[in-house]
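Presented below is the structure to which this report refers.
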Amino acid sequence: MNSADSTIEDIDRPPLSMDELATVIAGDIPSGSYVNLGIGHPTKVANHLPDSSGVLLHTENGMLGMGQVVTGSAIDPDLTNAGKTPVSERLGAAYFHHADSFAMIRGRHLDVCVLGAYQVSECGDLANWHTGEADAIPAVGGAMDLAVGAKNVVVMMSLFTKTGEPKVVRECSYPLTGAGCVRRIYTDCAVIDIRPRGLYVRRTFGISLAELQNRLEDCRFEV
């Protein structure tokens, strides 16, 4: 993924919408990458990858060369992503068995995976399949395979819950999907790298770096 030398603070705007965040993520994916997009918000990234991007999208249900999410008359019921959302195909798209799709993941043939999350710890632990609550419905899917199989795991999520609790934490309180697997966190308020000495904030949106660090007070930051 692209790099920068110092934090860019954009405080004169509101936090990003998920579509705006998808645009940021799409712009950071190197041309020629093989990429898997997790269920939920990460699927939006497909809509911001032009044909000229050189990025090939992979789905767990057996497709390489997935295109954008489609609606209305453009829907082909035989073309869906892993979340059963109707999608298009790009020129040269290929189809294969579900088991072969997971062999690609487990064989580390994917360059980037974009996953949603309930929590990410400062050391890159990922929790995205279960909140641990008694009445919650677990949803593992292929996340555990992707968390350890993709060469570069990034997360797309809102930075805070609806009640204002941070989702980037010192230690995850929810059951883990993978340990130390996340390299970068894309949120509506900031883009944050996971580094050995702590969190490194690359960009902020609608919040200053100082305020962000204050709201994530339990976390260590690399300055």
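Quick note on numbering that gives the first Met the number 0: the sequence shown kicks off at 0 and runs consecutively. Glycine included, C-beta positions come from ideal geometry on N, C-alpha and C.
Endpoints, alpha helix (DSSP H) assigned at H57: Residue mapping note: residue 57 aligns to position 58 of the sequence shown, counting from 1. First-last for H57: L55 to T58, but that is the beta strand (DSSP E), not the alpha helix (DSSP H).
Pair within 7 Å by beta-carbon distance, M156 and A116: One-based indexing of the sequence shown puts residue 156 at position 157. One-based indexing of the sequence shown puts residue 116 at position 117. Contact: yes.
Within 7 Å, strictly: CB atoms of V181 and G140: For the purposes of this step, residue 181 is identified with residue 182 of the sequence shown, where counting begins at 1. For the purposes of this step, residue 140 is identified with residue 141 of the sequence shown, where counting begins at 1. Pairing V181 with G140 gives a Cβ-Cβ distance that is not under 7 Å.
Helix, strand or coil at G148 according to DSSP, with G and I counted as helix: Mapped onto the sequence shown, residue 148 falls at position 149. Here G148 sits in helix by DSSP.
Own chain, CB closer than 7 Å to D18, minus 5 neighbours either side, in chain order: Looking up residue 18 in the sequence shown gives position 19. Only K43 meet the Cβ criterion.
Segments of 3+ residues assigned as beta strand (DSSP E) that fall wholly inside the stretch 105-170: 111-114, 118-120 and 151-156, all fully within the stretch 105-170.
Reduced DSSP secondary structure (H/G/I, E/B, other) of C218: As a working mapping, residue 218 is identified with position 219 in the sequence shown. Note: C218 maps to coil in three-state DSSP.
With 16 other Cβ atoms within 10 Å as the buried cut-off, status of K161: Here the question's residue 161 lines up with position 162 in the sequence shown. With fewer than 16 other Cβ atoms within 10 Å, it is exposed.
Close Cβ partners of A92 (< 6 Å) along its chain, the five nearest in sequence each way excluded: Reading the sequence shown from its first residue, position 93 is the one you call residue 92. Cβ neighbours of A92 beyond the five flanking positions: G64.
Length of the line joining the Cα atoms of I10 and F101: Here the question's residue 10 lines up with position 11 in the sequence shown. Here the question's residue 101 lines up with position 102 in the sequence shown. Taking the straight line joining both Cα atoms gives about 42 Å.
S165 classed as buried or exposed, judged by whether at least 16 other C-beta atoms fall within 10 angstroms: Within the sequence shown, numbered from 1, the residue matching residue 165 stands at position 166. Reading off the sequence shown, one finds Pro at residue 165, where the question assumed Ser. The residue in question, P165, is buried, as its Cβ has 16 or more Cβ neighbours within 10 Å.
Distance between H96 and N60 (C-alpha atoms, nearest Å): Counting from 1 along the sequence shown, the entry for residue 60 is found at position 61. Counting from 1 along the sequence shown, the entry for residue 96 is found at position 97. Rounded to whole angstroms, N60 to H96 spans 8 Å at the Cα level.
Minimum C-alpha distance to V222 - residue among I136, L198 and R169: On the sequence shown, residue 222 is found 223 positions in, with the first residue counted as 1. The residue with the shortest Cα to Cα distance from V222 is L198.
Separation of L20 from A209, as counted between CA atoms: Taking the first residue of the sequence shown as position 1, residue 209 is located at position 210. Taking the first residue of the sequence shown as position 1, residue 20 is located at position 21. Rounded to the nearest angstrom, the two C-alpha atoms are 21 Å apart.
7 Å Cβ cutoff met for Q67 and S87: Position 68 of the sequence shown holds residue 67. Position 88 of the sequence shown holds residue 87. Cβ atoms of Q67 and S87: closer than 7 Å.
Own chain partners of C188 with C-beta closer than 6 Å, once the 5 adjacent residues on each side are dropped: Against the sequence shown, residue 188 aligns to sequence position 189. Excluding sequence neighbours, C188 sits near P14, L158, F204 and I206.
Contained beta strand (DSSP E) runs [length at least 3] in the stretch 22-101, N- to C-terminal order: Counting whole runs of 3 or more residues, the stretch 22-101 contains the beta strand (DSSP E) stretches 33-36, 55-58, 62-68 and 86-94.
Sequence-distant residues of its chain with Cβ nearer than 7 Å to H129 (five each side left out): Here residue 129 refers to the residue found at position 130 when the sequence shown is read from its first residue. Result list for H129: A135, P137, Y173 and P174, in chain order.
DSSP beta-bridge partners of D18: The count along the sequence shown starts at 1 and reaches residue 18 at position 19. Its beta-bridge partners do not exist; DSSP assigns none.
Short Cβ contact (7 Å threshold) for K83 with D110: For the purposes of this step, residue 83 is taken as residue 84 along the sequence shown, with counting starting at 1. For the purposes of this step, residue 110 is taken as residue 111 along the sequence shown, with counting starting at 1. At the C-beta level, K83 and D110 stay beyond 7 Å of one another.
Pairwise C-alpha distance: S120 and A142: To locate residue 142, count along the sequence shown from 1; it is residue 143. To locate residue 120, count along the sequence shown from 1; it is residue 121. Straight-line Cα distance between these residues: approximately 17 Å.
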